[in-house]
Structure formats: C-alpha cells, structure tokens
Amino acid sequence: MSAGADSGAASTAATLRHVLGHLVTPLLMCIGMGLAYLGAFHAPEPHELHVAVVGSGPSSQVLAQTLQDRGNGALAVSTVADRGTAVQQLKDQDIYGAFVPGGKTPELVVASASSDTTATTVEKVFTQVAAGQGEPLKVTDVAPTASGDPTGQGLFFLLVALSIGSYASVAVIGGAGGGLPLRIRALLTLGTSLVVSLIGAAFAGPVFHLVDHGLGGIWAMAWLYSAGILLIGVGLHTFLKRWTTLGVMVLFVMLNFTSSGGIFRPELQPGFFGALHAFWNGAGFVEGARRYVYFGHHGLGGNVLVLALWCAAGLAVLGVAALVEAGRRKTAEGSAGVLAGARQPAAADAGIAAQPEHGVAARESRRDGRHDGPPGTGQEEEELEEAVAV
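Per this note's numbering, the very first residue in the sequence shown carries number 616; after that it's consecutive.
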C-alpha cells in the first residue's frame, strides 16, 4: 500500500473518531430530554392538591373528610366558613378549588390563572361529586387569564423563547467571543440579555397579547431571568468549553422547563420536579409573572428573590472564571518568556535572528487550543455547531 493511501486511511480514521466524539453531546441531550420531559409530564397525577369545601356545618365536614379519605393522598381538603374566604384563598394561591354545596346548583370556584391544568383536574373531581348528588355543577373562574392566553400556558412558552435566546447566546459569546477579555464578554452578556428581554416583552404584549397589563414588570423579570442564564453560561464556558451547551441545557431546559409549573403545577408532578419548583429560575419567572399580572403581586417578592439569586450566582461564577483566566494568562506568558529566552542564545550562535516573542506566544496559544485566526474557526466553530437544540 502506498504512503498516500496510508495517509488517507489515517486521516479518515481520525475524522471518524472526531465525529463520534462529537456525537456524544446530541445523544446525551436525547437521553436527558427524554428522562426530564417524560419523567415530569408523562403521567400527571394530583398529590396533596389543596382544595376546600365551603361551609361550617356537619355536612360540610363530612364531605371534606370523605373526599380526603377517597383521594388517598391526592387531595388535601379543608373547610372554609364562607365563599368570600374561599375566593381570597384562591387569589392567595393557598387553595386551587373551592366547592360550594347546597341549592339546586352546587358551585365550584377556581382561579385558572394559577394553572389551567390544575383547574381542570379540580373540576373533574367535583363534577363527580355533583353528579353523585344528582345536580349539575356551576364553575366560576375568579382569576381568568388574558384573552390572548386562553389556556394560561402562553407564559410558559414565553419562558421557552427567553431560555433559548439566552442559552444559545452563551455558545456565541463563549465560543466565537472566547478570545475577548472577560469584561467585554460580561458587557456582551448584559446587552444580549437586555435584547432578549425586549423581544420577550414584545411577544407578551403587542405581538401575542399574552398579558393585558403589567408589561413593564414582565419585561423586568425577563431581563433578570435572561441575565442569570447568560452570566452562568458564559462563566461556565471557561471551565466546560465545548461541553457548555450540554451543561446549560441540563440547567435551563431539562430541569428548568419541567419544574417551572408552566404546564403542570408541582401538585401534579413527581416529587423531584415539585421540589425544584421551589427555587429554580424558570419557576421564579412563570410564577412571578402569574402573581404580578393576575394575583395582585401576592408572594411576588419570593419569585423576584429567586431570579436575583440566580443572577448573583452567575456573577459569582463569572468572578471565579475571571480569576482562573488571569492565572492561565500569567502561566502562558511565563512559559512563553522562558521558551523565548532559551531559544535566543541558540539562534544567536547560529547567526539567525531570534523570532519575535509574539510568534512564540502564538505557537503556545495554538498548543493550548486557542486560535489567533478569525472568530468562529476551529474549536469555537465546533462549539457553535454543537448548540444543536437551538
């Protein structure tokens, strides 16, 4: 076999190993997305879903206890003295349905803005109760969603758009902008998050009318949410490199969308995702938006705090990345200086001018996997291509 054929075979084998190595990322994404989405959404069942029976007499107490016992853990049933108290608890999101028995038409009071799927689940339960009493059920919604978001899930899909715009920008800033000083990347991060949030506000307001008031607050939370993702992602890029896309997808897609409460509230999900709902940033945005627009800002401070803490975590990661990159630069400069000093005497003895220090540094840079060529080549281009979920 000729030398050329041997070289071609070696090149093909090397390329194949390279492709197979990069296929690991999309395959892990496939596994992760399947485990996350199917684990969270494939079989929604209520557990400890808080509802109330209106009334203080013995019949109300008996009905509440009967529902509690028959639910076998699915419901957490309480009694309230009157309908007004029940409505206030619905608006405070302490309960998700209130059954008012008696009369020819028993009534179920819900707040669909909390979650349309939860309201539907509660309606199914009490439709059966009313049918057992031989009466039709009247359903009253005391917190309906905006006309542009009849299912109440538009805020969740707004979350999806904000998330994709944010984590995809991480690949660009960290990959194509990898040669820029970290302070410039940080400024790009803040600017990009502002643009993403403005796009989100346009979707929520004039484009799709997901909300009919409170657009300024939605924009502010969107900026805080997007900035948190970008700060964490750009900071992590210093350490994860080409695995950054997979890392941010785990954090801000697989675990984030499934625990946000946008499709099913935690009371209809397995406990793992319900636990994440308490402190994950997607839940902070979705629940914060709901409370800001539909529930008189009740409990909003906790959601804003969640978003702010994720931003603070991003600043912390970025700060650690700055220290690590500064250490790497000092090490590279020291190595380049030692190498240049060692080569200069030998070059002088041979009567050859020593190469400029920047040439040595360039070779060291290439050896370290960095590139002095145009952005988007080599490793940076591979990182951008691996953002396959965008």
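Glycine included, every Cβ here is placed at the ideal spot set by N, Cα and C.
Three-state secondary structure (DSSP) of residue i
i: F741; result: helix
i: R978; result: In this prediction, R978 scores a pLDDT of 44, lower than 50, which makes its location untrustworthy; the coordinate-derived value is nonetheless stated afterwards. Here R978 sits in helix by DSSP.
i: V810; result: helix
i: E722; result: strand
i: L795; result: coil
i: G690; result: One detail in the question is off: residue 690 reads as Leu in this sequence, not Gly. Three-state result, L690: strand.
i: V826; result: coil
i: Q970; result: Confidence at Q970 is low in this model, with a pLDDT of 46, below 50, so its placement is unreliable and the value that follows should be read with caution. In this structure, Q970 counts as coil in the three-state DSSP scheme.
i: G654; result: helix
i: D764; result: coil
i: G984; result: In this prediction, G984 has a pLDDT of 42, which is less than 50 and means its spatial position is unreliable; what the coordinates show is noted afterwards. It is coil, neither helix nor strand.
i: A728; result: coil
i: Q703; result: helix
i: L805; result: helix
i: F929; result: Per the sequence shown, the amino acid found at residue 929 is Gly instead of Phe. Note: G929 maps to helix in three-state DSSP.
i: F910; result: coil
i: E902; result: helix
Terminal residues of the alpha helix (DSSP H) in which residue i lies
i: H852; result: 830-855
i: F772; result: 769-786
i: F872; result: 870-874
i: V865; result: Segment: none, V865 is in no alpha helix (DSSP H) and carries neither H nor E.
Residue range of the beta strand (DSSP E) that includes residue i
i: K753; result: 753-756
i: F894; result: Where F894 is concerned, there is no enclosing beta strand (DSSP E), given that its DSSP letter is neither H nor E.
Given residue i as reference, the closest of the options once Cα atoms are compared
i: R943; options: T859, F854, F900; result: F854
i: M864; options: V702, Q768, S781, G763; result: S781
i: G829; options: Y909, L678, E663, I788; result: Y909
i: A923; options: Q884, A835, P885; result: A835
i: T1014; options: P641, A628, G647; result: Nothing about residue 1014 can be reported from this structure: the residues present for the chain run from 616 to 1005 only.
i: V715; options: S675, G688, L805; result: S675
i: G1009; options: L770, L851, L664; result: No answer is possible for residue 1009: the residues shown for the chain start at 616 and end at 1005.
i: G832; options: A791, G911, G889; result: G911
i: Y652; options: L920, G876, M869; result: M869
i: T804; options: A786, F818, H657, T766; result: A786
i: P821; options: G763, G672, R632; result: G763
i: G897; options: T760, D684, I779, A728; result: I779
i: W858; options: K719, A625, H637, A734; result: H637
Identity of the residues DSSP links to residue i by a beta bridge
i: I879; result: Looking at the sequence itself, residue 879 is Phe, so the reference to Ile does not match. According to DSSP, F879 bridges with nothing at all.
i: F714; result: V668, L723
i: S622; result: DSSP lists no partner for S622.
i: V695; result: V669
C-beta neighbour in chain B for residue i, strict 8 Å
i: F900; result: Annotation note: the requested chain B is absent from the structure, which comprises a single protein chain.
(message) Would the segment 768-783 count as touching the segment 900-911 if we require 3 or more Cβ pairs under 8 Å?
(response) The segment 768-783 vs the segment 900-911: in contact.
(request) Flag this pair as touching only if the segment 839-849 and the segment 745-760 have three or more C-beta atom pairs under 8 Å; answer yes or no. (result) no
(message) Does the segment 728-743 come into contact with the segment 796-808, if we say contact requires no fewer than three beta-carbon pairs (one atom in each stretch) closer than 8 Å?
(response) Touching, no, given that fewer than three Cβ pairs across the two stretches are closer than 8 Å.
(request) Determine, using beta-carbon pairs with one atom in the segment 686-693 and one in the segment 659-672, whether at least three such pairs fall under 8 Å. (result) yes
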